[in-house]
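Shown next, in structure tokens, is the structure this report addresses.
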Amino acid sequence: MIRNGPGGDPVGSNFWREVGGRATFEKLVRDFYVGVRDDEVLWPMYPEDDLEGAIQRLTGFLEQYWGGPGTYSEERGHPRLRIRHAPFKVNPEARDRWLTHMAAAVDNLELSPLHRNMLWDYLERAAHAMVNTHEE
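So in the working numbering, spot 134 of the sequence shown is number 152, and the numbers just go up one at a time.
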């Protein structure tokens, strides 16, 4: 989604800024984790002892993707989402549960229909791309 001009500056509209910047993405991620905490399939995949770190990493990734600061890549390098998720069994059930909690978090943002649809389209595609097994 990030498009840069010849000088490296973002060109076109800036989704991140339009929806409220970091505060919006941090709310999204924190609300998402509220649902995940009670999910017996997903919760074991998350680092309970570093939940705040996980929140900050996902927030940073999403805000960078949508036109915010590039802190995520500066600190962690290329996102490599499939590789980072490879140690976890991400089957269709896990994907669907992830999407359920993320949908609730997206709805809590009360974005305009255009912004909601843009965000949801990306999240849904990303979730499908993370499936790495069809085992139960």
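Where a beta carbon is used, it is the ideal one built from N, C-alpha and C, also for glycine.
Where D139 is concerned, the enclosing alpha helix (DSSP H) starts and stops at P131 to A147. An exposed status is given to E66, since fewer than 16 other beta-carbon atoms sit within 10 Å of its beta-carbon. The Cβ atoms of R100 and M148 lie closer than 8 Å to each other. With respect to L117, A145 sits close: the two C-beta atoms are nearer than 8 Å.
The C-beta of L80 has 16 or more other C-beta atoms within 10 Å across all chains shown, which makes the residue buried. Collapsing the DSSP output to three states places F106 in coil. Scanning its chain for C-beta atoms nearer than 7 Å, with the 5 sequence neighbours on each side dropped, one finds around R35 the residues G85, in chain order.
If you look at R75, you'll find it in the alpha helix (DSSP H) that goes L69 to Y83. Counting only the Cα atoms, R113 lies some 12 Å from D57.
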